[in-house]
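Protein chains in written order, with our numbering: chain A, 1 to 269; chain B, 270 to 897. Even glycine gets a Cβ: it sits at the ideal position worked out from N, Cα and C. Owing to the predicted nature of the structure, the values given are computational and were not obtained by experimental measurement.
Shown next as structure tokens:
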């Protein structure tokens, strides 16, 4: 009791609000603002159990009775505090309650079977079919060449009468890139080069296109747009589905709560 | 008799809320993944990522969990705690989530505990309320935590490992489930790991500890915490016991030696007695690599130790005056025990004295991010922790004191470090084994591709066929060369720029050796460089120049070179002197992260803020051992 008195009132209220939140969420729906207080058998069991945890022994009848009086007193104080709006503007209470609401959203997320995963894959085709594979040849010409040279060299390459070695700059990346995932091409050449491949025609010399190293003429030999098979990306799919599920749950809960609110926000300066 | 402790009850309540929502999956092994004959690919990773399970990360505001950290590393778009839309242009190949074992998940559990359970514990209540009151309060709690850990004044409920076992056990298992779900042999490797965080008096003796094994195996032990022992020999004993009991394997990675006050690479053991052969042998076995660069500064070397090295001041500002908690000032006389290069030299000294080299380590970089997001590009530096994320407030000039004492500012953070690993496949086994043989290197961010081979018979012609000759006739980075004749060892070295970063300035070989009289020396050789430059009479190669545009945040690759390759033979070799050689690759100058912040938000940066830097890579050394 002494310990509790040492607490500022606001702390006391925070604890009470928690009980409120708890019962609001899990317990019988008592209206905290009614003038009726019932201490039932289950309440007395809880009070007794709490006492055992503190003192490591069974409380006497008198002790339980005193604890019940305390609980009643606390309940009255708590309801009156709510009526006075003492919780308003108290950051500790606000945050605690908001956080509590958020954590109500931790429902179990299961796993999908293959048929369901397959459907998830098909429903998200745009995300999972982006994988493009390329096989290509490239000629690295360094950084210090002119647009006029480029024109001339490209023509020579297309006509087949240019000595490739005469324009090549040294770089220890193979001239022939075998059929590879984009991720492998990004690893070798960087992402801007890889992005540029999408705009190039097949079976003809193009470019030059730019990588971090400098410029390259490119001849695309093969291009495959892959819709990955379930087997290849099962793990990724189920992780993605799970992450999407968590987000969905969170949004659903919030949407449910927020739909009854009218929110108006002043423009940000 | 057991006393009821409300804080403990609260923490375990919190754990209840955290556990129990996991779906365990069968661990998938890597038996179907083919290994190449020799390492063909450098795999990129971060071995040092903190999530909201780290007490300080959560206190700093981080609300992103293991799952978010995994998804980000794999290349997914993730919104940071403070709302930055973040995504890597190139995914990482592997990750070690290394949350602090000490009080694992404690701040999260405390925060999520019912406040009622804390009544009567003034200490916990105060923190609890501070954390809920405001972000500032939460930061203050974190500063007090770090301070308390340094001074040993944290309450029992944060320090007693047994009392926390249930919460930590649940978390560790839950963590294991997520790691297992994201580990995809051949595509992405997720390691089990944690951080061991001893900090006596604020002197940083931290290690990242990682497992070669499945989560199931790693879950057979709880993370070893600095609350169990501050003496790293006890960590090694824990590792040995795990290996004996499970047949698994672990390694430990010391980091932030720069704020260890000379104690990370001391000549003495933790108890102050001189290092002996048994200690040296165990250390070399358990700690084959160190983290030489990360957000909290660079630990390669210091201008005081390497006055002739014009690049030695990188990542030193803000970190060389006081130890981690800033509770103790550090004197230059302590630096030899704080930086990697001098430690490698000390290793030679100790080897001469006691017959074994305890400091025979390779080098990696990693971020030590506390945001869950392993992005170390300057242009998109997310921050050291969540309170340090990009904001309209100029974070580069804000005080960033990890303890409660002033003295460090935002711009002192480096947007640094990744680990490059030459492995035969992207699997736990192959990457871990490459770390054990030290075939790894550090970068401060850019993913430059660096090869380094030592041998006795290389010639200049071999450069054309560098990799196959290197493996066939020599040893890669991390290896040993034993005296063959009086001829000097030969080396093949290549470095290719990161195609998403800048040209290279030069390749250097850093040599350290021990003389007959037991004294050690170091020397830097410029061995390959871009552009038309000549080594001057002072033995130095002129600077590459500077093309940085500070108002645009750009540079030009008109200087330097996209790739450098060379053959090199030590011109000052003495067959009697043990030595090490490692390679340092320098990029041309580029802007630091505060410059990008300033452009984005329209800040003015003070004169003291470093705005231009040369990013770099450090390879593991190759050691020369005289027959003696």
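Checklist entry - Which of the three DSSP states, helix, strand or coil, is assigned to residue 824/B? => result coil
Checklist entry - In whole angstroms, what is the alpha-carbon distance linking residue 570/B and residue 490/B? => result 36 angstroms
Checklist entry - Counting only runs that start and end within the segment 748-796 of chain B, where is the beta strand (DSSP E) found for 3 or more residues in a row? => result 749-751, 759-765 and 773-783
Item to check | Completely contained alpha helix (DSSP H) runs for the segment 453-524 of chain B, where each covers 4 or more residues | outcome: 484-487 and 501-515
Next on the checklist: DSSP three-state label for residue 604/B, please.
Outcome noted: helix
Next on the checklist: By the three-class DSSP mapping on this structure, what secondary structure does residue 315/B have?
Outcome noted: strand
Item to check | Spatial distance of residue 473/B from residue 322/B (CA atoms) | outcome: 20 angstroms
Item to check | Limits of the unbroken beta strand (DSSP E) element including residue 833/B | outcome: 832-838
Item to check | Residue interval of the alpha helix (DSSP H) (run including residue 70/A) | outcome: 61-84
Checklist entry - Hey, out of 669/B, 810/B, 495/B and 312/B, whose CA is closest to residue 587/B's CA? => result 669/B
Next on the checklist: Applying the 10 Å Cβ sphere with the 16-neighbour rule, what's the burial state of residue 734/B?
Outcome noted: exposed
Checklist entry - Beta carbon of residue 398/B, beta carbon of residue 524/B: below 8 angstroms? => result no
Item to check | Chain-order list of residues whose beta-carbon lies under 6 angstroms from that of residue 822/B (same chain, five-residue window excluded) | outcome: 860, 864, 865 and 868
Checklist entry - Less than 8 angstroms separating the beta-carbons of residue 716/B and residue 786/B? => result no
Item to check | Residues within the segment 434-457 of chain B neighbouring chain A, beta-carbon criterion of under 7 angstroms | outcome: 450, 451 and 453
Next on the checklist: Is there a C-beta anywhere in chain B that falls below 8 angstroms from the one on residue 186/A?
Outcome noted: yes
Item to check | Neighbourhood of residue 552/B by C-beta, 6 angstroms cutoff - its chain only, sequence neighbours within 5 removed | outcome: 627
Checklist entry - Since residue 860/B sits in a beta bridge, which residues does DSSP pair it with? => result 881/B
Next on the checklist: Between 71/A, 37/A and 36/A, which has its C-alpha nearest residue 46/A's C-alpha?
Outcome noted: 71/A
Checklist entry - Would residue 253/A count as contacting chain B if we go by Cβ distances under 8 angstroms? => result no
Next on the checklist: Quick test of your reading: residue 898/B and residue 778/B, contact by CB under 8 angstroms. State the CB separation rounded to the nearest angstrom.
Outcome noted: The displayed coordinates of chain B run from 270 to 897. Any statement about residue 898/B would go beyond what the structure contains.
Checklist entry - Can a CB atom of chain B be found closer than 8 angstroms to the CB of residue 147/A? => result no
Next on the checklist: Please return the same chain residues whose Cβ sits closer than 6 angstroms to the Cβ of residue 395/B, not counting the five positions on each side in sequence.
Outcome noted: none
Item to check | From 247/A, 203/A and 210/A, residue whose alpha carbon lies closest to that of residue 145/A | outcome: 210/A
Next on the checklist: Cβ closer than 9 angstroms: which chain B residues qualify as neighbours of residue 223/A?
Outcome noted: Per Cβ cutoff of 9 angstroms: no residues; residue 223/A is ~21 angstroms from chain B at best.
Checklist entry - Does DSSP classify residue 134/A as helix, strand or coil? => result strand
Next on the checklist: Short of 6 angstroms in beta carbon distance, which residues of its chain neighbour residue 550/B, apart from the five on each side in sequence? Order them along the chain.
Outcome noted: 625
Item to check | Beta-carbon neighbours of residue 171/A, restricted to chain B and to distances below 9 angstroms | outcome: 765, 831 and 832
Next on the checklist: On the DSSP letters alone, give me the boundaries of the beta strand (DSSP E) that residue 177/A sits inside.
Outcome noted: 176-181
Next on the checklist: Tell me the residue span of the beta strand (DSSP E) that contains residue 410/B.
Outcome noted: Unbroken run through residue 410/B is the alpha helix (DSSP H), 404-420; no beta strand (DSSP E).
Item to check | Selection from 698/B, 800/B and 499/B that minimises the alpha carbon distance to residue 706/B | outcome: 698/B
Item to check | Those residues which DSSP pairs with residue 345/A across a bridge | outcome: Since the first residue shown for chain A is 1 and the last is 269, residue 345/A is missing from the structure and cannot be characterised.
Checklist entry - What do you get for residue 337/B, buried or exposed, if any count of 16 or more other CB atoms within 10 angstroms of its CB means buried? => result buried
Checklist entry - Should residue 752/B and residue 848/B be called a contact, given that it needs their Cβ atoms to be closer than 8 angstroms? => result no
Checklist entry - Which residues bound the beta strand (DSSP E) around residue 210/A? => result 205-211
Checklist entry - Would you say residue 207/A reaches chain B, if we count a Cβ-Cβ gap shorter than 8 angstroms as a contact? => result no
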